[in-house]
Amino acid sequence: MGNKRFGVLLAAPATNYVKKTHGGYFNLFVKMMGEEGETWDMFRAYDRHLPALDDLHKYDGFLITGSKSDAHGDALWVLQLCELLRNIHAKRIKVVGICFGDQ
Numbered sequence: 002m003g004n005k006r007f008g009v010l011l012a013a014p015a016t017n018y019v020k021k022t023h024g025g026y027f028n029l030f031v032k033m034m035g036e037e038g039e040t041w042d043m044f045r046a047y048d049r050h051l052p053a054l055d056d057l058h059k060y061d062g063f064l065i066t067g068s069k070s071d072a073h074g075d076a077l078w079v080l081q082l083c084e085l086l087r088n089i090h091a092k093r094i095k096v097v098g099i100c101f102g103d104q
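In the numbering used here, the protein residues as written are 2 to 104.
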């Protein structure tokens, strides 16, 4: 088996603080969780930029960042993200989710 590949599904744009200190949420999570030899891809889910369903088999896992949006809401990007997650789940690909929705 080759090197592992992961996708980061950004559920919100980075705050100014995160941009200044880490260069964005993608960089923050890759620095925190990534290991040498892995490939990490970024998808701006909040802008409806998601991996193609035909490419899901290329991934070992996905990480969904936090968001202040309602995870049960009817925003188009949230609905598309939910559909993507159903497909990811059906393929038994691992997912880590960070707090999505104001608590």
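For every residue, glycine included, the Cβ atom is placed at its ideal position computed from N, Cα and C.
Asked, Found
"Could you tell me the alpha carbon to alpha carbon distance between residue 52 and residue 18, rounded to whole angstroms?", "27 angstroms"
"Taking one C-beta from the stretch 12-30 and one from the stretch 49-63 each time, how about it: are there three or more such pairs within less than 8 angstroms?", "no"
"At what residues does the beta strand (DSSP E) containing residue 40 begin and finish?", "40-45"
"Comparing alpha-carbon positions, which option in 100, 43, 72, 89 lies nearest residue 11?", "43"
"If we cut at 9 angstroms on Cβ distances, does residue 91 have a partner in chain C?", "In the structure shown, chain C cannot be found, because there is only a single protein chain."
"Kindly provide the ranges of any beta strand (DSSP E) runs that are 3 or more residues long and lie completely inside the stretch 43-92, ordered along the chain.", "62-65"
"Rounded to the nearest angstrom, what separates residue 46 and residue 4 at their Cα positions?", "24 angstroms"
"Where does residue 9 land, buried or exposed, given buried means 16+ other C-beta within 10 angstroms?", "buried"
"According to the neighbour-count rule (16 or more other Cβ atoms, all chains shown, within 10 Å of its Cβ), is residue 193 buried or exposed?", "With the chain running from 2 to 104 in the structure shown, residue 193 is simply not present."
"Applying the criterion that 16 or more other CB atoms from any shown protein chain within 10 Å of the CB defines a buried residue, is residue 96 buried or exposed?", "exposed"
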